[in-house]
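Numbering (this note's numbering), first residue to last: 13 to 146.
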């Protein structure tokens, strides 16, 4: 694939990773809500059980963090060069979008924290490869 095309597809691949992760999370959330909620607590298509709601909120938070990792990984995988810079720029832009969607929420903290861990991991992996080549 030509370099210019890979650069052009970096942002769409990151967006596609976000959509795929969000869709997977929504499907899993719907199935988990039906499976975990007792029938007597399921009112008008919504689970009123607080314990189940806590688990569902945790599931949403986990998928927010996973989506950050997926977006960063997709952008880095598509970028033909400067992968560390792409990872950190993706984290910055994604963090700004996460702040617009819910600054201070558990989902925001999960996305930024796991995204930062993904960037650190990618940066360390890149350094290790550079050292092993010398």
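Ideal placement from N, C-alpha and C gives every residue a C-beta, glycine not left out.
Residue 80 places its beta carbon 8 Å or farther from that of residue 51. With 16 or more other CB atoms across the displayed protein chains lying within 10 angstroms of its CB, residue 83 is buried. Nearest C-alpha to residue 75 among 26, 85 and 41: 41. In its chain, beyond the 5 residues on either side, 22, 26, 98 and 102 have a beta carbon closer than 6 Å to the beta carbon of residue 87. Here the alpha carbon of residue 33 sits roughly 20 Å from the alpha carbon of residue 100. In the three-state reduction of the DSSP assignment, residue 109 falls in the helix class. In this model, residue 16 and residue 94 are separated by some 14 Å (Cα to Cα). Each of 137, 118, 96 and 39 was checked against the Cα of residue 70, and the nearest Cα belongs to 118.
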